[in-house]
Amino acid sequence: MTEPGSFVLWDNPPPEKLAPTVTEFLYQLRGPTVIKISGQDTSRCRVIVTLLHGNEPSGLKAVHRLIRERSVPAVNILVAIVSIDAALAEPVFSNRFLPSQRDMNRLFQAPFDDEQGALAKSLLDIIREEKPEAVIDIHNTSGDGPAFSVCVERHTRYLDLASLFTHRLIITGHRLGALMEANLGCPILTVECGGAMQAESDDIAWRGVTRFITQPELYRSVTIEEMDIYHHPVRLELCENRQLVYSSEPDSNVDVTVPSHIDRRNFGVVRPDTALAWLGPSGLNALCVRDEQGGNVIDDFFVVQDNKLYPRTTLKLFMATTDPKIAMTDCLFYAVKETDHLWDETADDVADWEMS
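Structure follows, in structure tokens:
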């Protein structure tokens, strides 16, 4: 095993040495691991991060396959495989993180004062040392739905990176301690490949990773018209000490009842006549909508009619989960107004990436 809070480094593993299945491959690793794959141009580097959450394996499957198939990258590639212990806890690939742990993708900001924080800092240090052209952080969504990508800054380079995986890009101002918020001197893109149980998600991850490692040049100036772009998402959260269930009919014993199929709403148009949940006697007081500044703007987004939650304006939802634990500890879903659906014409290259 590796030292707590650090990574095992595996330099150019021979493909024949990798276990034949993804699960066996994880058992083969001795803890959180960074794999280096030498490319045709060894003066440049790109980074792939996988398995920050133990129940999101599509990126891991893609990396395992590309190594076993002896794919030769255009430049050096670093692959970080992080939450191995959570992934291997039974049932395999069912635990986002272990009960004794925190969400790994909320720890990429100081203080780094426990074992998980030290691991996050170690990953940041490794990436900074390599000075990569880009970092791709590959996830699965917590419910079924189409793939999309997320970034925290407006820059045309994100259009190029996102287009390797999907045509959907969310530009968010929320700061939660995620990897994509770190300052690494290059673009960091989060890719949500779709639900972990969807075969298409594995295919999206595989095709996107293949493009990411084999293209000689990443930044090809994708046109805005090729992308579906959203700004200013908000988070619908359950208020403290409130109760929630998922059901096909309202439950009078809880504050919020969410339809069991809410994840079918992901990236569909949700109009003001669409009921999204049943509410108890507390009504909207059981929920809050956090904007990018942390304020509660629920009255700008939702209304209550006949004890049902309705959008105040036309929305698109994403990351709608059917996991009650995620809904209660993180959020029920993100939403954007259809009006926040244009690329600001002043957004081109607003950041100047420093590689030193």
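Taking the numbering used here, I'd label the letters of the sequence shown as residues 1490 to 1845. Ideal Cβ placement from N, Cα and C applies to all residues, glycine included. Please read these numbers as outputs of a predicted model, since none were measured by experiment.
Which residue wins for smallest C-alpha separation from arginine 1519, given the options Arg1731, Phe1496, Pro1761 and Asn1730?
Phe1496
By how many angstroms is the C-alpha of proline 1504 removed from the C-alpha of glycine 1632?
33 Å
List the DSSP bridge partners of lysine 1805.
Val1758 and Val1825
Quick one, which of Glu1738, Leu1798 and Leu1806 has its alpha-carbon nearest valine 1758's?
Leu1806
In this structure, how does DSSP classify tyrosine 1516 when only helix, strand and coil are distinguished?
helix
Within 8 Å, do at least three Cβ pairs link the segment 1720-1729 to the segment 1813-1823?
yes
Rounded to whole angstroms, what is the Cα-Cα separation between proline 1621 and threonine 1699?
17 Å
Return the first residue and the last residue of the beta strand (DSSP E) that alanine 1766 is part of.
1766-1768
Alanine 1569, DSSP secondary structure in three states
strand
Runs of alpha helix (DSSP H) lying entirely within the segment 1593-1653, each at least 4 residues, in chain order:
1604-1619 and 1645-1651
From glutamate 1492 to arginine 1617, what distance separates their C-alpha atoms?
21 Å
What's the C-alpha gap between valine 1745 and histidine 1644?
38 Å
Coarse secondary structure for asparagine 1785, derived from DSSP in three states:
strand
Quick check on the burial criterion: 16 or more other C-beta atoms within 10 angstroms. Buried or exposed for serine 1599?
Per the sequence shown, the amino acid found at residue 1599 is alanine instead of serine. Alanine 1599 comes out exposed.
Inter-residue Cα distance where the pair is tyrosine 1708 and isoleucine 1677:
13 Å
Rounding to the nearest angstrom, what Cα-Cα distance links glutamine 1605 and aspartate 1795 in this structure?
45 Å
Three-way DSSP call (helix, strand, coil) for threonine 1661 in this model
coil
What did DSSP end up calling glycine 1697 once you bin it into helix, strand or coil?
helix
Chain-order list of residues whose beta-carbon lies under 6 Å from that of isoleucine 1537 (same chain, five-residue window excluded)
Val1568 and Ile1625
Can you tell me whether tyrosine 1516 is buried or exposed, with buried defined as 16 or more other CB within 10 angstroms of its CB?
exposed
Return the first residue and the last residue of the alpha helix (DSSP H) that proline 1813 is part of.
1813-1818
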